[in-house]
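Peer 1: My questions will all concern the structure given below.
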Amino acid sequence: MSDPIVTTIDHLPGYQIQSVLGVARGSTVRAKHIGRDITAALKNIVGGEIKGYTELLAEGREEAIYRMLEDAKALQADAVIGFRFTTSMVSQAAVEIMAYGTAVKIKANDP
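Counting from 11, one number per residue, gives the positions in the sequence shown under the working numbering.
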């Protein structure tokens with residue numbers, strides 16, 4: 011089975027939603043490490059992007075999307091609509107990143 015189509019909008023142009031299967035979701039919890047914290051402390055003094063944290067969150071988003079797609083496949087979804095991310099602090103040193111949306115079955119519109 012190929013990966014479901016993912017969109018932030020609540021419909022898919024050219025398709026009809028046949029059924030709603032539920033929420034597809036994937037999450038990951040990522041922790042900071044001392045090397046990134048030292049760099050972050052220095053950046054707080056001089057300013058600028060904290061690339062270590064940017065990379066940490068980018069990796070987390072990709073993992074959350076992957077897990078959401080696996081959940082959508084388990085639901086036998088053709089698409090995930092209304093896709094969103096949420097991020098929340100779990101502790102001072104860790105953040106949860108969640109990807110979620112509505113898993114649906116779709117059918118292409120007749121030409």
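For every residue, glycine included, the Cβ atom is placed at its ideal position computed from N, Cα and C.
All figures in this text were calculated on a predicted structure; none of them were measured in a lab.
#1: Using a Cβ-Cβ cut-off of 6 Å (strictly less than) and excluding sequence neighbours within five positions of residue 70, which residues of its own chain qualify?
#2: Helix or strand or just coil, what does DSSP make of residue 74?
#3: Which of helix, strand or coil does DSSP assign to residue 106?
#4: Who are the near neighbours of residue 20 in its chain, counting only those whose CB is closer than 6 Å to its CB and skipping five residues on each side?
#5: Report, in whole angstroms, the separation of the C-beta atoms of residue 15 and residue 88, which I expect to be a contact under 8 Å.
#6: For residue 100 and residue 42, I'd like the C-alpha separation in whole angstroms.
#7: So does residue 112 have its beta carbon nearer than 8 Å to some heavy atom of the ligand NAD?
#8: Counting C-beta neighbours from all protein chains within 10 Å, is the total for residue 111 16 or more, i.e. buried, or is it exposed?
#9: Would DSSP call residue 61 helix, strand or coil?
#10: Rounded to whole angstroms, what's the CA-CA distance from residue 86 to residue 67? Just pull it up for me.
Peer 2: Straight from the coordinates:
#1: 38, 40, 107
#2: helix
#3: strand
#4: 91, 92
#5: 7 Å
#6: 12 Å
#7: Ligands in the displayed structure: none, and consequently the ligand NAD is not present.
#8: buried
#9: helix
#10: 28 Å
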